[in-house]
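Colleague:
There are 2 protein chains.
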Amino acid sequence: MFFQVTARDPKSLARCGLLQTCHGGVLTPAFMPVGTQGSVKALEARELHALGYTLLLANAYHLLLRPGHRTIATLGGLHRFMGWDGVILTDSGGFQVFSLAGLRKIHEEGVEFASHLDGTRFHLTPQLSAEIQRDLGSDLVMPLDDCPPYPADRKRIEEAVRRTTAWARLGLATPMRAGQHRLGIVQGGVHRDLRARSAGEITALGFEGYALGGIGVGEPPELAGESVRAAVPYLPPAAPRYVMGIGVPGQMLELIAEGIDLFDCVLPTRNARNGTLFTSQGKIQIKRHEFREDPRPLDPGCPCVACRNYSRAYLRHLYMSGEILASRLNTLHNLTYFASVMRRAREAIASGTLDRLRSLGEFSPCPRETSRMEAD
Amino acid sequence: MFFQVTARDPKSLARCGLLQTCHGGVLTPAFMPVGTQGSVKALEARELHALGYTLLLANAYHLLLRPGHRTIATLGGLHRFMGWDGVILTDSGGFQVFSLAGLRKIHEEGVEFASHLDGTRFHLTPQLSAEIQRDLGSDLVMPLDDCPPYPADRKRIEEAVRRTTAWARLGLATPMRAGQHRLGIVQGGVHRDLRARSAGEITALGFEGYALGGIGVGEPPELAGESVRAAVPYLPPAAPRYVMGIGVPGQMLELIAEGIDLFDCVLPTRNARNGTLFTSQGKIQIKRHEFREDPRPLDPGCPCVACRNYSRAYLRHLYMSGEILASRLNTLHNLTYFASVMRRAREAIASGTLDRLRSLGEFSPCPRETSRMEAD
């Protein structure tokens, strides 16, 4: 049993679930830290266990460019390479090709592009994307999709829906290894009918789980919510649902209430390196002068290494001094916070109190922050 | 008993010792990692214990500039600030003023200089240096010294010797807290007679330990050894001896044989961040193409986190990708190596086999690397 629903919120579409793979289980709703280049920045992957994570995301695009999927295969796969015995989801490379690579040429067989590192030309096809992820040994495999930015005209979105379905079919024709699970991707932009159409086409192909792509690509958050609401009714209730690239805590809780199980985002790790820290009292800019002599922990209730051992003044000093340790402690803290939000969401769903959790001031929306960010 | 000699090498001046402070003991010979700005780069200080360190060095100059010694005092001292319950030695700020700060004006009362961070003017006196270190709560306190570069004419070195003695006297007049131990600094450049004169003057003032400054400031390593040999006979045998800023393993072993007990250097941490790794087979540039698909650990016999968990190929990938984790794993490795060199030196002294250890190819000299480096 790849996925089972273990609890339901009586007042929303939210549910708790257990996702099982040969690299262990994941309690959902779950957030996955992003390990773009085979490292969740500033951490060893194995340290994620202690923070409460059993699942991370890695980027096929980045690993294709460097060190190369064949190299990783030669070295025994991505789990061994990065020293992580938990679950790995890899994206298909599509989002990065559309947002990061240069000299892009899209056609029916795939996308030609130039590496953002050195300009090397690649031709990423649905088949190659699947092969990359097979070589990496990902537990959860995403198909190459056509992911337009926001805004885009309806014609472009219609094309993306059509092409995403065609590519999904081509990807499915590439065999995977035993134990690798495929998720489909639904496109459709902010058009309710196109989301429904895409969801219908993709689910008809038969994946083990479903992701919503093209969310958080620049659209207002209320349109993101609408897009999710438009697609979810067409997704099989027994399969896990994943909104890609979303990660503001308040927005994740809203989408959990719409029936979403999985999220990923660079927000906690990137914000950490920029000195923005999530706490039970809201967000903190650690560089602020007011923390200069503040002996208190960042968040007194937080069990992370940074909060147990250091003052706000020390964290500020490390950040102002450009110390590597600032990135590390801040990352440990933010990821601890994100894990706790997901744990609290699961507990709230199981006890029927998700609405109360969602109403906390801690999760009030920050509209400027809902855009999906580039891989970490 | 601040320091006691616990073993002697029958064939050289090398000795093992135990240095005791109210923050615990240090087995000598010992190397101290450098935590310039209140952080040994990429690590938490408390992680040093597991690597085998009980002593670290912090820089009074850097902490004076940012966040300020009064701020650290308000927050309970440097130990609490950086979460380190082991021993802390602070340098006086002199070396950085002479090598890093701008618009320097040296006179009999001290040195005026402009902060390298923002140009703020400071006036560092022997008294202020002592006060800074008192405020920080250092266990081992260094006096402000006059540290000319190499080469400098003999007149300049004579002046430095005279001024270093005068400043040492002024520093001693500033009371310290109970439990703080003062070390004197001997100057004299590469002039044997001036080293002897400085050693005589400084020991006459009565410190609990003695450091040799102005070594590794650009002179050839054989002159460094000569300078040490010129001073050691004038230092009381019952006090610990420290050569500041030296850290090439082979050179440390040579100086241990001359009777030196303590060392500090940014070499292992800075080299780590630059991808130069110390191993039992010599140094490795991890970026080399040959490691691209090398599944072996960096150093099979090394017990560090990097060697136990990752391949050379992964370490290379992290370094080539500019990942923060590269700095961290490489630092953990190099500091583990340096701790093991000191442990092996202590064992060799106790068993009378230091000459054998010194003759290993692992420690063959690398002449271009013997210069003292700026604070980390």
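Sequences listed follow chains A and B, in order.
Just so we're aligned, residue 151 is where the first sequence starts under the numbering used here, counting upward by one.
Just so we're aligned, residue 151 is where the second sequence starts under the numbering used here, counting upward by one.
Think of the CB as a built atom: it goes at the ideal place given N, C-alpha and C, for glycine as much as any other residue.
A quick note: this is a predicted structure, and the numbers were derived from the prediction, not measured.
Which residues share a DSSP beta bridge with B/E262?
Modeller: On the second sequence, position 112 is the one that residue 262 of chain B refers to. Answer is B/K255, B/H273.
Colleague: Classify A/K255 as buried or exposed, calling it buried when 16 or more other Cβ atoms lie within 10 Å of its own Cβ.
Modeller: For the purposes of this step, residue 255 of chain A is taken as the residue at position 105 of the first sequence. Exposed, since its Cβ has fewer than 16 Cβ neighbours within 10 Å.
Colleague: Could you check where the beta strand (DSSP E) with B/T186 kicks off and where it finishes?
Modeller: The residue labelled residue 186 of chain B in the question sits at position 36 within the second sequence. No beta strand (DSSP E) contains B/T186, which DSSP labels as neither H nor E.
Colleague: Report yes or no: do three or more beta-carbon pairs, one from the region 301-311 of chain B and one from the region 327-344 of chain B, lie closer than 8 Å?
Modeller: Yes: at least three Cβ pairs fall under 8 Å.
Colleague: By how many angstroms is the C-alpha of A/S288 removed from the C-alpha of A/P517?
Modeller: For the purposes of this step, residue 517 of chain A is taken as the residue at position 367 of the first sequence. For the purposes of this step, residue 288 of chain A is taken as the residue at position 138 of the first sequence. A caution first: A/P517 carries a pLDDT of 47, below 50, which makes its placement in the model too unreliable to give a value.
Colleague: Taking 8 Å as the threshold (C-beta atoms), are A/E497 and B/Q187 in contact?
Modeller: Within the second sequence, residue 187 of chain B is the residue found at index 37, counting from 1. Within the first sequence, residue 497 of chain A is the residue found at index 347, counting from 1. No. Outside cutoff.
Colleague: Please name the residue in B/G364, B/G334, B/R216 whose C-alpha comes closest to that of B/G350.
Modeller: Residue 350 of chain B sits at position 200 when you count from the first residue of the second sequence. Of the listed residues, the one whose Cα sits closest to B/G350 is B/G334.
Colleague: Of all the residues that make up the region 460-492 of chain A, which are near chain B by a beta-carbon distance shorter than 9 Å?
Modeller: Cβ contacts with chain B come from Y460, S461, A463, Y464, R466, H467, L468, M470, S471, G472, E473, I474, L475, A476, S477, R478, L479, T481.
Colleague: What is the rounded straight-line gap between the Cα of A/D414 and the Cα of A/L479?
Modeller: One-based indexing of the first sequence puts residue 414 of chain A at position 264. One-based indexing of the first sequence puts residue 479 of chain A at position 329. Their backbone Cα atoms lie some 20 Å apart in a straight line.
Colleague: Is the Cβ of A/F231 closer than 8 Å to any Cβ of chain B?
Modeller: Working through the first sequence from its first residue, we reach residue 231 of chain A at position 81. Yes, A/F231 lies at the interface with chain B (some Cβ there is under 8 Å from its Cβ).
Colleague: Using 10 angstroms around the beta-carbon of B/P418, count the other beta-carbons present and answer buried if the total reaches 16, otherwise exposed.
Modeller: Walking along the second sequence from the start, residue 418 of chain B turns up at place 268. Label assigned to B/P418: buried.
Colleague: Would you mind reading off the limits of the beta strand (DSSP E) that contains A/Q435?
Modeller: Stepping through the first sequence from its first residue, residue 435 of chain A is reached at position 285. Element bounds for A/Q435: 432-435.
Colleague: For B/T240 and A/Y460, I'd like the C-alpha separation in whole angstroms.
Modeller: Locating residue 240 of chain B in the second sequence gives position 90, counting from the first residue. Locating residue 460 of chain A in the first sequence gives position 310, counting from the first residue. Roughly 21 Å between the two C-alpha positions.
Colleague: Leaving aside the five residues before and after B/S430 along the sequence, list all residues of the same chain whose C-beta is less than 7 Å from its C-beta, in chain order.
Modeller: Here residue 430 of chain B refers to the residue found at position 280 of the second sequence. Excluding sequence neighbours, B/S430 sits near D449, G451, E512.
Colleague: Taking a contact to mean a Cβ-Cβ separation below 8 Å, would you say B/A422 touches B/S477 in this structure?
Modeller: Locating residue 422 of chain B in the second sequence gives position 272, where the first residue counts as 1. Locating residue 477 of chain B in the second sequence gives position 327, where the first residue counts as 1. Cβ atoms of B/A422 and B/S477: closer than 8 Å.
Colleague: Are B/R91 and B/L267 close, meaning C-beta to C-beta below 8 Å?
Modeller: Nothing in the structure corresponds to residue 91 of chain B, since chain B is present only between 151 and 526.
Colleague: Between B/L225 and chain A, is the shortest Cβ-Cβ distance under 8 Å, so that the two count as touching?
Modeller: For the purposes of this step, residue 225 of chain B is taken as the residue at position 75 of the second sequence. It does; some Cβ of chain A falls within 8 Å.
Colleague: Within the continuous alpha helix (DSSP H) that includes A/Y469, where are the two ends?
Modeller: Start at 1 with the first residue of the first sequence, and residue 469 of chain A comes out as number 319. Run containing A/Y469: 462-470, per the alpha helix (DSSP H) assignment.
Colleague: Kindly indicate which three-state DSSP category A/I335 falls into: helix, strand or coil?
Modeller: The count along the first sequence starts at 1 and reaches residue 335 of chain A at position 185. Reduced to three states, the DSSP call for A/I335 is strand.
Colleague: Check distances from the C-beta atoms of the region 155-181 of chain B to those of chain A and list, in chain order, the residues that come in under 7 Å.
Modeller: The region 155-181 of chain B vs chain A, Cβ under 7 Å: nothing.
Colleague: If you drop the 5 nearest sequence neighbours on each side, which residues of the same chain put their C-beta closer than 6 Å to that of B/D303?
Modeller: Residue 303 of chain B sits at position 153 when you count from the first residue of the second sequence. Excluding positions up to five away in sequence, the list is empty.
Colleague: What are the residues of the region 180-203 of chain A that lie near chain B, defined by any Cβ-Cβ distance shorter than 8 Å?
Modeller: For the region 180-203 of chain A, which is checked against every Cβ of chain B, the residues closer than 8 Å are Q187, G188, S189, K191, A192, L193, E194, R196.
Colleague: Identify every run of the alpha helix (DSSP H) within the region 347-394 of chain B, keeping only runs that are complete inside it and at least 4 residues long; order them along the chain.
Modeller: Counting whole runs of 4 or more residues, the region 347-394 of chain B contains the alpha helix (DSSP H) stretches 371-381.
Colleague: Could you tell me the alpha carbon to alpha carbon distance between A/T178 and B/G218, rounded to whole angstroms?
Modeller: On the first sequence, residue 178 of chain A is found 28 positions in, with the first residue counted as 1. On the second sequence, residue 218 of chain B is found 68 positions in, with the first residue counted as 1. Going from the Cα of A/T178 to the Cα of B/G218 covers about 47 Å.
Colleague: For A/T520 and chain B, any beta-carbon pair shorter than 8 Å?
Modeller: Counting from 1 along the first sequence, the entry for residue 520 of chain A is found at position 370. Any reading at A/T520 must be qualified, since the residue scores a pLDDT of 47, below 50, and its modelled position is unreliable; no value is offered.
Colleague: So what does DSSP say about A/F428, is it helix, strand or coil?
Modeller: Here the question's residue 428 of chain A lines up with position 278 in the first sequence. Correct three-state label for A/F428: strand.
Colleague: With distances taken from CA atoms, which of A/H257, A/A463, A/K437, A/E404 is nearest A/L504?
Modeller: Stepping through the first sequence from its first residue, residue 504 of chain A is reached at position 354. A/L504 has its Cα closest to that of A/E404, out of A/H257, A/A463, A/K437, A/E404.
Colleague: Which whole-angstrom value describes the C-beta separation of B/L205 and B/M232, a residue pair presumed to lie in contact below a C-beta threshold of 8 Å?
Modeller: Your numbering for residue 205 of chain B matches position 55 in the second sequence. Your numbering for residue 232 of chain B matches position 82 in the second sequence. Going by Cβ atoms, the distance from B/L205 to B/M232 rounds to 14 Å, so no, they are not a contact pair.
Colleague: Can you tell me where the beta strand (DSSP E) with A/L239 in it begins and where it stops?
Modeller: Against the first sequence, residue 239 of chain A aligns to sequence position 89. Start and end: 237-241.
Colleague: In chain order, what residues of the same chain have a beta carbon less than 6 Å from the beta carbon of B/G359, not counting five sequence neighbours either side?
Modeller: Along the second sequence, one-based indexing puts residue 359 of chain B at 209. The answer, listed in chain order, is L333, A389, P390.
Colleague: Residues of chain B with CB under 9 Å from A/T221, in chain order?
Modeller: Position 71 of the first sequence holds residue 221 of chain A. R442, E443, A463, H467, listed in chain order.
Colleague: What residue range is occupied by the uninterrupted alpha helix (DSSP H) comprising B/L417?
Modeller: To locate residue 417 of chain B, count along the second sequence from 1; it is residue 267. Where B/L417 is concerned, the enclosing alpha helix (DSSP H) stretches over 417-423.
Colleague: Using DSSP with H/G/I as helix, E/B as strand and the rest coil, what is B/C457?
Modeller: Position 307 of the second sequence, counted from the start, is the residue given in the question as residue 457 of chain B. Three-state result, B/C457: helix.
Colleague: Name the DSSP bridge partner or partners of A/D414?
Modeller: Position 264 of the first sequence holds residue 414 of chain A. BP columns for A/D414 point to A/M182.
Colleague: By the criterion of Cβ-Cβ separation under 8 Å, what are the contact partners of A/R216 in chain B?
Modeller: Within the first sequence, numbered from 1, the residue matching residue 216 of chain A stands at position 66. Chain B residues near A/R216: H467, M470, S471.
Colleague: Would you give the residue range spanned by the beta strand (DSSP E) that B/G546 belongs to?
Modeller: Examination of residue 546 of chain B is not possible in this model, given that chain B is present from 151 through 526 alone.
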